[in-house]
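**Student:**
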Amino acid sequence: MSSRGSSTQTGQQRPSAWYAAPAVLFFGLFAVVPMLLVVYLSFTDWDGFGFPQPSGAGNWSRLAGDGEARDALVLTLVFMVLSWLVQTPVALLIGVWAAGRQRNRAILSSLFFLPLLLSTAAIALLWRSVLDPNFGVTQSLPLLGEFNFLGDTSIVIYTVIFVITWQYVPFHTLLYQAAARTIPASLYEAATIDGAGRYKQFFQITLPLLRYTIITSTVLMLVGSFTTFDTVLILTGGGPGTATRIAPLYMYITGFSGFEFGYASAVAVLLLALGAGLSLVVTKATGFRDMNSQQEGA
Numbered sequence: 001m002s003s004r005g006s007s008t009q010t011g012q013q014r015p016s017a018w019y020a021a022p023a024v025l026f027f028g029l030f031a032v033v034p035m036l037l038v039v040y041l042s043f044t045d046w047d048g049f050g051f052p053q054p055s056g057a058g059n060w061s062r063l064a065g066d067g068e069a070r071d072a073l074v075l076t077l078v079f080m081v082l083s084w085l086v087q088t089p090v091a092l093l094i095g096v097w098a099a100g101r102q103r104n105r106a107i108l109s110s111l112f113f114l115p116l117l118l119s120t121a122a123i124a125l126l127w128r129s130v131l132d133p134n135f136g137v138t139q140s141l142p143l144l145g146e147f148n149f150l151g152d153t154s155i156v157i158y159t160v161i162f163v164i165t166w167q168y169v170p171f172h173t174l175l176y177q178a179a180a181r182t183i184p185a186s187l188y189e190a191a192t193i194d195g196a197g198r199y200k201q202f203f204q205i206t207l208p209l210l211r212y213t214i215i216t217s218t219v220l221m222l223v224g225s226f227t228t229f230d231t232v233l234i235l236t237g238g239g240p241g242t243a244t245r246i247a248p249l250y251m252y253i254t255g256f257s258g259f260e261f262g263y264a265s266a267v268a269v270l271l272l273a274l275g276a277g278l279s280l281v282v283t284k285a286t287g288f289r290d291m292n293s294q295q296e297g298a
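Sequential numbering from 1 applies to the sequence shown in full-length UniProt numbering.
#1: Can you tell me which of the three DSSP states Asp66 falls into?
#2: Would you kindly report the start and end of the unbroken alpha helix (DSSP H) that includes Ala190?
#3: What did DSSP end up calling Asp152 once you bin it into helix, strand or coil?
#4: Under 8 Å between the Cβ atoms of Val282 and Ile215?
#5: Less than 8 Å between the C-beta atoms of Asp66 and Gln53, yes or no?
#6: Can you check which of these residues, Leu280, Gly262, Ala247, Trp84, is closest to Ser55 by C-alpha distance?
#7: Using the Cα positions of Val39 and Gly224, report the straight-line distance between them to the nearest angstrom.
#8: Kindly list the residues whose CB is nearer than 7 Å to the CB of Ser265, restricted to its own chain and excluding five residues on each side of it in sequence; keep chain order.
#9: Hey, how far is the Cα of Ile161 from the Cα of Pro142?
#10: What are the start and end residues of each continuous alpha helix (DSSP H) run of 4 or more residues lying completely inside the segment 192-216, in chain order?
#11: What span of residues does the alpha helix (DSSP H) with Ala124 cover, start to end?
#12: Which ranges would you report for the alpha helix (DSSP H) in the segment 85-112 if only whole runs of at least 4 residues count?
#13: With DSSP run on the structure shown, which of helix, strand or coil describes Val71?
#14: Rounded to whole angstroms, what is the Cα-Cα separation between Thr231 and Asp194?
#15: DSSP three-state call for Pro142: helix, strand or coil?
#16: From Ile234 to Thr228, what does the alpha carbon distance come to, in whole angstroms?
#17: For Tyr252, report the span of its alpha helix (DSSP H) as first-last.
#18: Candidates Gln201, Thr153, Thr218, Ala273: which alpha carbon is nearest Gly238's?
#19: Tell me the rounded alpha-carbon separation between Ala285 and Thr218.
#20: Skipping 5 residues on each side, what residues in its chain have a beta carbon closer than 8 Å to that of Met1?
#21: With Thr236 and Asp71 assumed to form a contact (beta carbons below 8 Å), what rounded beta-carbon distance in angstroms separates them?
#22: With three or more beta-carbon pairs closer than 8 Å as the criterion, would you say the segment 181-198 touches the segment 143-150?
#23: If I follow the unbroken alpha helix (DSSP H) through Gly275, where does it start and stop?
#24: Quick one, which of Ile246, Tyr212, Leu209 has its alpha-carbon nearest Phe226's?
#25: With C-beta atoms as the reference, is Tyr176 less than 8 Å away from Leu210?
#26: Would you list the residues sitting across from Thr44 in a DSSP beta bridge?
#27: Go through its chain and collect everything with a Cβ distance to Ser16's Cβ below 6 Å, but skip five positions before and after it.
#28: Do Val86 and Thr138 have their C-beta atoms closer together than 8 Å?
#29: Note the first and the last residue of the continuous alpha helix (DSSP H) segment covering Ala23.
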């Protein structure tokens with residue numbers, strides 16, 4: 001009798017699997033099906049008109065020997081690492097600061113999060129106007145006016161990283177801010193009684209407890225590095241030359257400018273595999289997949 005009541009109570013506590021059906025359906029239609037279609041197109045020759053013609057592994061053989069694709073992929077990896085090195089500490093520090101009780105924190109936080117309200121195209125157009133070598137605001141500044149931020153091949157990649165950082169740091173800041181607010185205040189109070197200063201509290205309390213948030217942010221940055229192209233397209237168009245032609249932009253140009261959708265699909269599948277592979281490596285190496293939620297640990 002008690003076992004039946006226990007099973008009934010457990011069944012009532014567990015949400016029905018049917019609740020997930022709409023989400024699964026939408027994910028299948030708008031994620032899995034397009035993904036499978038791209039994999040299929042990677043084995044075809046298609047210019048966007050008519051029906052795709054099977055080409056076997058021709059696109060993949062071409063991709064293996066394509067120097068431009070290799071250079072674009074290397075540039076993407078460099079872009080990914082540099083973006084992570086810049087965005088992570090900036091977002092972490094601002095997020096931890098915004099989680100505190102400083103004076104005027106709400107006003108300053110709203111300014112930090114302003115880029116979240118703008119579209120990617122608007123941000124790229126804004127910074128292209130600001131950095132324009134002829135009419136940009138930077139040309140009126142004594143020191144910055146000496147540089148051509150969008151036309152100098154030696155610094156243009158850093159310009160793109162700066163714009164990407166300005167665009168996405170607020171999002172990652174929100175992650176760190178939310179996580180920092182879940183840290184019990186009693187830990188800091190006990191550390192203060194023991195004589196620990198702010199820096200020691202940050203490195204011995206805050207940073208370790210934000211470990212999984214850092215991993216989550218890192219995975220999102222990895223995936224984003226293999227999908228971002230619109231900002232670079234509007235800001236530099238991949239130039240000057242090929243100085244900012246990262247792999248996602250190379251895929252876009254190959255498909256929509258060269259009308260080689262089969263080959264562009266092969267590049268897309270490669271980016272998907274690399275993004276998924278790096279994400280799995282990060283989660284496995286850091287032990288993130290073994291983390292239990294508060295509900296699971298209860």
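Note that beta-carbon positions come from the ideal geometry of N, C-alpha and C, so glycine has one too.
All of these numbers come straight from a predicted model, not from anything done at the bench.
**Tutor:** Here's the rundown:
#1: On the sequence shown, position 66 is the one that residue 66 refers to. It is coil, neither helix nor strand.
#2: For the purposes of this step, residue 190 is identified with residue 190 of the sequence shown, where counting begins at 1. 185-193 is the span of the alpha helix (DSSP H), which, as asked, contains Ala190.
#3: Along the sequence shown, one-based indexing puts residue 152 at 152. Coil, per DSSP.
#4: Locating residue 282 in the sequence shown gives position 282, where the first residue counts as 1. Locating residue 215 in the sequence shown gives position 215, where the first residue counts as 1. Closer than 8 Å, so yes.
#5: Position 66 of the sequence shown holds residue 66. Position 53 of the sequence shown holds residue 53. No, Cβ-Cβ distance for Asp66 and Gln53 is not below 8 Å.
#6: In the sequence shown, counting from the first residue as 1, residue 55 sits at position 55. Nearest option by C-alpha distance: Gly262.
#7: Walking along the sequence shown from the start, residue 39 turns up at place 39. Walking along the sequence shown from the start, residue 224 turns up at place 224. The straight-line gap from Cα to Cα measures roughly 20 Å.
#8: Taking the sequence shown and counting its residues from 1, one reaches residue 265 at position 265. Same-chain partners within the cutoff: Val38, Leu41, Ser42.
#9: Reading the sequence shown from its first residue, position 161 is the one you call residue 161. Reading the sequence shown from its first residue, position 142 is the one you call residue 142. Roughly 23 Å separates the two Cα atoms.
#10: 198-201
#11: Position 124 of the sequence shown, counted from the first residue, corresponds to residue 124. Element bounds for Ala124: 120-130.
#12: 105-112
#13: By one-based count along the sequence shown, residue 71 stands at place 71. According to the sequence displayed, residue 71 carries Asp and not Val. In the structure shown, Asp71 sits in a helix (DSSP, three-state: H, G or I).
#14: Within the sequence shown, numbered from 1, the residue matching residue 231 stands at position 231. Within the sequence shown, numbered from 1, the residue matching residue 194 stands at position 194. Distance between the alpha carbons of Thr231 and Asp194: 49 Å.
#15: For the purposes of this step, residue 142 is taken as the residue at position 142 of the sequence shown. Coil.
#16: Translated into positions along the sequence shown, residue 234 becomes position 234. Translated into positions along the sequence shown, residue 228 becomes position 228. Looking at the two C-alpha atoms, the distance is approximately 12 Å.
#17: For the purposes of this step, residue 252 is taken as residue 252 along the sequence shown, with counting starting at 1. Tyr252 -> alpha helix (DSSP H) spans 247-256.
#18: Stepping through the sequence shown from its first residue, residue 238 is reached at position 238. When only C-alpha atoms are compared, the closest one is Thr153.
#19: Translated into positions along the sequence shown, residue 285 becomes position 285. Translated into positions along the sequence shown, residue 218 becomes position 218. Roughly 13 Å between the two C-alpha positions.
#20: Here residue 1 refers to the residue found at position 1 when the sequence shown is read from its first residue. Residue confidence is low: Met1 scores 47 on pLDDT, short of 50, so the model does not pin down where it sits. Its coordinate-derived value is still stated next. The answer is none, since no qualifying residue turns up.
#21: The residue labelled residue 236 in the question sits at position 236 within the sequence shown. The residue labelled residue 71 in the question sits at position 71 within the sequence shown. Wrong, their Cβ atoms sit about 16 Å apart, outside the cutoff.
#22: no
#23: Residue numbering aside, residue 275 sits at position 275 when the sequence shown is read from its first letter. Segment 261-286, the alpha helix (DSSP H) holding Gly275.
#24: Locating residue 226 in the sequence shown gives position 226, where the first residue counts as 1. Nearest of Ile246, Tyr212, Leu209 to Phe226, Cα basis: Ile246.
#25: Here residue 176 is taken as the residue at index 176 of the sequence shown, counted from 1. Here residue 210 is taken as the residue at index 210 of the sequence shown, counted from 1. Contact: yes.
#26: Position 44 of the sequence shown, counted from the start, is the residue given in the question as residue 44. Bridge partners of Thr44: Pro54.
#27: By 1-based counting over the sequence shown, the position of residue 16 is 16. Here the set comprises nothing.
#28: If you number the sequence shown from 1, residue 86 lands on position 86. If you number the sequence shown from 1, residue 138 lands on position 138. No, the pair does not count as a contact, with Cβ atoms beyond the cut-off.
#29: Locating residue 23 in the sequence shown gives position 23, where the first residue counts as 1. Counting along the chain, the alpha helix (DSSP H) containing Ala23 begins and ends at 21-27.
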